[in-house]
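Everything below concerns the one structure shown next.
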Amino acid sequence: MDNSTKSMLWLAVQLFLFGTACLAALYLSGGMQKVTQLSEPVMQGQKQSVQQYIGVSEPLTYTGAQVRQSIAQIQEIGVDMQIDHSLYPHHIQPEPSALLKIDVQRTYQVTYQTDQQGNIVTIQFS
Numbered sequence: 005m006d007n008s009t010k011s012m013l014w015l016a017v018q019l020f021l022f023g024t025a026c027l028a029a030l031y032l033s034g035g036m037q038k039v040t041q042l043s044e045p046v047m048q049g050q051k052q053s054v055q056q057y058i059g060v061s062e063p064l065t066y067t068g069a070q071v072r073q074s075i076a077q078i079q080e081i082g083v084d085m086q087i088d089h090s091l092y093p094h095h096i097q098p099e100p101s102a103l104l105k106i107d108v109q110r111t112y113q114v115t116y117q118t119d120q121q122g123n124i125v126t127i128q129f130s
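Each residue of the sequence shown is one higher than the last, beginning at 5 in my numbering.
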């Protein structure tokens with residue numbers, strides 16, 4: 005084979021591979037769009053806070069960011085919270101500076117204090 009025939013064959017192979025890669029990317033992006041579309045209603049409005057886990061009996065751990073979110077929503081949750089011996093009453097909105105004391109990189113273990121009727125009175129993060 006002469007040099008120009010080899011070049012044309014090599015160009016044809018490269019164009020075929022490029023076209024296949026473009027079609028695969030187009031197919032995969034359509035799949036991702038479909039996954040996003042289907043999962044959006046489920047994820048919409050979901051909060052990463054302690055509120056969705058109240059009443060779960062197994063030990064749970066939370067990131068500092070989730071603890072901060074829970075403290076920011078303390079009035080919604082309606083339960084006092086204690087973080088490393090600092091008590092946050094649910095009827096008082098905490099100061100933004102209080103939220104900054106919570107280390108977002110740390111992992112916290114949660115325990116629940118209940119009253120005689122089994123209602124949660126305090127959520128403790130340690």
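C-beta atoms are modelled at their ideal positions from N, C-alpha and C, and glycine is treated no differently.
Owing to the predicted nature of the structure, the values given are computational and were not obtained by experimental measurement.
Opposing strand residues paired with residue i [DSSP bridges]
i: Val71; result: DSSP lists no partner for Val71.
i: His103; result: Here the sequence assigns Leu to residue 103, which means His is not the residue at that position. In DSSP, Leu103 forms no bridge with anything.
i: Phe129; result: Ile87 and Val114
i: Tyr31; result: Note: Tyr31 sits in no beta bridge, so no partner.
i: Val64; result: Correcting the residue type first, residue 64 is Leu in the shown sequence and not Val. DSSP, once it has assigned bridges, lists Val114 as partnering Leu64.
i: Ile124; result: Thr118
Per-residue burial, residue i [other beta carbons within 10 Å of its own, 16 or more giving buried]
i: Gln79; result: exposed
i: Ile22; result: The residue you asked about is not Ile; residue 22 is Phe in the sequence shown. Classification of Phe22: exposed, given that the 10 Å Cβ count is below 16.
i: Val17; result: exposed
i: Ile96; result: exposed
i: Ser8; result: exposed
i: Phe129; result: buried
i: Gln113; result: exposed
i: Gln121; result: exposed
Residue from the options with nearest C-alpha to residue i
i: Thr111; options: Ser11, Gln18, Pro100 and Thr65; result: Thr65
i: Val125; options: Gln113, Ile106, Asp107 and Leu91; result: Leu91
i: Ser101; options: Gly82, Val83, Ile75 and Trp14; result: Ile75
Own chain, CB closer than 6 Å to residue i, minus 5 neighbours either side, in chain order
i: Asp107; result: Gly68
i: Thr115; result: Gln128
Other residues of its chain near residue i: CB distance less than 8 Å, five sequence neighbours each side excluded
i: His89; result: none
i: Gln86; result: Tyr92, Thr126, Ile127, Gln128 and Phe129
Close-in-space but distant-in-sequence residues of the same chain around residue i (CB under 7 Å, 5 per side omitted)
i: Gln109; result: Gly68
i: Thr118; result: Ile124 and Val125
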